[in-house]
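Structure first, then comments.
Structure below.
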């Protein structure tokens, strides 16, 4: 399983609070968390790399893509968003983190506006496991807490998830579907809510475990070689 | 649409706190809330009525059944539970309230244990509308509050709902899938969480609106006359 | 309920077989079928009308849009496809017919490739009602037949439908999920398979009934006035 | 993974056609097919064994149970059906074959009547893979054929499947949802349609592969030790 972690990597360059928490970038922390959970073949790329980090050989050599973006969603080219969505449809797994709910690839795959309520006050988030038997919940307790996080609240304008794994409770009074699974074409998508850049969320052991579980769950059995085609089909002779 | 509200009607006879809130019984309050929302053909029955309130002519004359039970689940006969489930499979709507999650008809229709976490401390519940376009959410705000309710927490051991309308936030720190829709056979089932007997939940206008919406949503287009049969079918000649 | 039937309207101008079957255009036949089933507020528009038939006042005055397109999908502007998808997310219903599976608005709302197998030999299609209690199946028999249709076969590369109403059997040996319901944002989408331009499918009474049922099912309770926004939300004071 | 194949094992003792096809019983053929696909820890039990084949130590030592029954559904005790359903809710996988759609454990877990149309004429069944990326479809072609099978037709009175993997086409003109996945409690259920006793279906290599895939898919990550309880929960102190 070849995993690529894509990070916008802008906050870390500009905001000393963020770079203090993630001196190597959020991508490095996410990759370290994956490796700590036994996912070994992990590379990282960023928006400011050539081809926005995902030239065809990298994208086509990725089995599961992890995506973190926030302020620069609009800078991601439509062509790249289309390429990512097309590869998911061929079988690639996609794990979308936090503000990636508003990224071009995710919105394209969902077909909805993907809006949320939010408040960046750094309040307590408690994440409940709704489906304890789900592969993504293995090793995750009945609930776990992040002492300071950005709040996201319902309604989350996404299609009804095919599988709902986690629900968040926020001290400020909101709830959120924080772990949502989708099957799209031949690929699988896992959205996981936590991860605001000003908090050390991706250093949390349970968060890292969930992301690793999500990557494993999204791993494709096989990825189709070429585009899906509308296929003209002759009559089946056996009939 | 002929609606029957079934109530266990035991707490109200034995606990002055409950009878103080619901002097005519919970069934009367639910029925009044339905009528206040334009559902006019409503009758009420209780566990201690003949045939446990649902003799065949009453059950077979019901389009949507509303169910409230708590401490006497075990007294409901298996035969009645089977009859209710069978009629749902033929098309009758079923609206299950609060502790009815543990009633025989609901458990039989779900096929799961239907367990929850709970705490009867009378704390603040805030109910969020997850699917604002759903018929059951019409006229319901983004969220509404019940100042004192029993807490139910996840995991709620039910099948993944076909449609999820509401999520609850509890001040004590839990979340719950509070408005769950199911299609079973030809019938529809709506589970709605609020309604502990020691709090005046069924006098709340929004709660009454939700129940009325749920009853309308669960209304059958048609109810099958007889039992579903495994049908032996001859070849279709036209082929 | 204001219904607009959008038709590409090209085959009818160029192919005498098609114009023989649909002298006023497919849109006229679909609109007549709706009216025959009691849907009275129906207008028709076509691709070659100004603004491709859907200027803002028409689109914004539409509660349910019916879409038929085939050979000119690429001519529909990306802006129009985006506007249609955005309005569905605000609550507008969308009924997509036959080859509209490959239209820009539908593909955008699905997030998948929407490909099928196909064969235009004009063979027998038998359409089975999988969910007889569904509103779209009301008045539709256990199965109905179209003596000559184009075949579409699985895999149909769409997201798992939220509700599956019909399955097709083709004499040539294929099956297809022919009646698929989706909820996207605040809107509802119904895809209905039959309707190849060289066959008189939209003159079939059962087909017309299904489309009318689909339009009624997709009718919004309310359509949001403006775009969904990521909303910054203050803490709820009551806590 | 400890797999137990339960077979009613009555037809094979009484009908020479069946015993000619399955001289060691259907259970032996299913177990052989599992072993041929790398599932090694397989035992077989039958209805006429002590405790109807599933004494507590056997049931509690089973990770995935495969069930074949037909004419003796009523002889299975209600207590055993309840025990099987309870263990599924704790995490055990269940693979239900063919006429097991009408078995007590399956009906109890579905909550519906589970009826079908049928015709035992031994006609061609073609099984289409609707979800080629599903784990249960790995190694299965776009379609495969069984030259002689019993027909099952829609409507299949089960809850909407959580995942639909296969659809059947029958030469006689019917369609059927032949591969249906459910999550119930902590366990997973896979229903697979083919397998009439008078045809050599369980000697077919693709059928065996599907059953083995289904068993692997249904394998639990963990099985809960005790029954699910309605749990009284104190307030979470950290709040």
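Chains as they are written, first to last, in full-length UniProt numbering: chain A, 1 to 239; chain L, 1 to 239; chain E, 1 to 239; chain G, 1 to 239. Using N, Cα and C, we set each Cβ at its ideal position, and we do this for glycine too. Note that the coordinates shown come from a computational prediction; the quantities given were computed from them, not determined experimentally.
- The three-state secondary structure of residue 126(G), taken from DSSP, is strand.
- Counting only Cβ-Cβ distances below 8 angstroms, residue 100(E) has no contacts in chain L at all, with the closest Cβ about 22 angstroms away.
- At least one CB atom of chain E sits nearer than 7 angstroms to the CB of residue 186(L).
- Excluding sequence positions up to five before and after residue 84(E), its CB lies within less than 6 angstroms of the CB of 105, all in the same chain and listed in chain order.
- Looking at the DSSP output, residue 189(G) bridges to 94(G), 182(G).
- A straight-line Cα-Cα distance of about 16 angstroms links residue 129(L) and residue 231(E).
- Within 10 angstroms of the beta-carbon of residue 57(E) lie fewer than 16 other beta-carbons, which makes it exposed.
- Leaving aside the five residues that flank residue 45(A) on each side, the residues in its chain whose CB is nearer than 7 angstroms to its CB run, in chain order, 4, 6, 53, 54, 58.
- It is roughly 13 angstroms from the alpha-carbon of residue 158(L) to the alpha-carbon of residue 159(G).
- Of the residues 186(G), 217(G), 185(G), 180(G), the one whose Cα lies closest to the Cα of residue 194(G) is 180(G).
- According to the DSSP secondary-structure assignment, residue 202(G) is paired through a beta bridge with no residue.
- By the criterion of at least three beta-carbon pairs nearer than 8 angstroms, the stretch 208–218 of chain G is in contact with the stretch 122–140 of chain G.
- Under the Cβ criterion (8 angstroms, minimum of three pairs), the stretch 202–211 of chain L does not count as touching the stretch 13–32 of chain E.
- Annotated three-state conformation of residue 119(L) is strand, per DSSP.
- Taking a beta-carbon distance threshold of 7 angstroms, residue 140(G) does not count as an interface residue toward chain E.
- Of the residues assessed, residue 120(E) falls on the exposed side of the cut-off, its CB having fewer than 16 other CB atoms within 10 angstroms.
- For residue 231(E), the residues of chain A that pass the 9 angstroms Cβ criterion are 115, 116, 117, 118, 153, in the order they occur in the chain.
- Residue 183(A) sits away from residue 224(A), with the two beta carbons spaced by 7 angstroms or more.
- A straight line joining the alpha-carbon of residue 164(G) with that of residue 50(E) spans about 43 angstroms.
- For residue 123(L), the CB contacts under 8 angstroms within the same chain, skipping 5 residues up- and downstream, are 148, 149, 151, 170, 171, 172 in chain order.
- Within the DSSP secondary-structure output, residue 177(A) pairs in a beta bridge with 167(A).
- Cα atoms of residue 177(A) and residue 145(A): separation of roughly 15 angstroms, rounded to the nearest angstrom.
- Listed along the chain, the chain E residues whose CB falls inside 9 angstroms of the CB of residue 91(L) are 133.
- Chain E places a beta carbon closer than 7 angstroms to that of residue 221(L), counting this residue as a contact.
- If you ignore the 5 residues before and after residue 42(E), its C-beta comes within less than 8 angstroms of the C-beta of 3, 4, 5, 31, 34, 35, all in its own chain and listed in chain order.
- Taking the beta carbon of residue 108(A) as reference, the chain E residues within 9 angstroms of it are 108, 111, listed in sequence order.
- Contact annotation: residue 72(E) and residue 125(E) have beta-carbon atoms that are not nearer than 7 angstroms.
- DSSP places residue 106(G) in the uninterrupted alpha helix (DSSP H) bounded by 104–110.
- Beta-bridge partners assigned by DSSP to residue 143(E): 128(E).
- Of the residues assessed, residue 81(L) falls on the buried side of the cut-off, its CB having 16 or more other CB atoms within 10 angstroms.
- Among the residues of chain E, those whose CB is under 8 angstroms from the CB of residue 121(A) are 235, following chain order.
- Contact of residue 197(A) with chain E is not assigned, every C-beta pair being separated by 7 angstroms or more.
- Only exposed fits residue 229(E), as fewer than 16 other CB atoms lie within 10 angstroms of its CB.
- DSSP places residue 213(L) within a helical segment (H, G or I) once states are collapsed to three.
- For residue 69(E), the CB contacts under 6 angstroms within the same chain, skipping 5 residues up- and downstream, are 8, 100, 103 in chain order.
- Straight across, the Cα-Cα distance linking residue 94(G) with residue 142(E) is about 31 angstroms.
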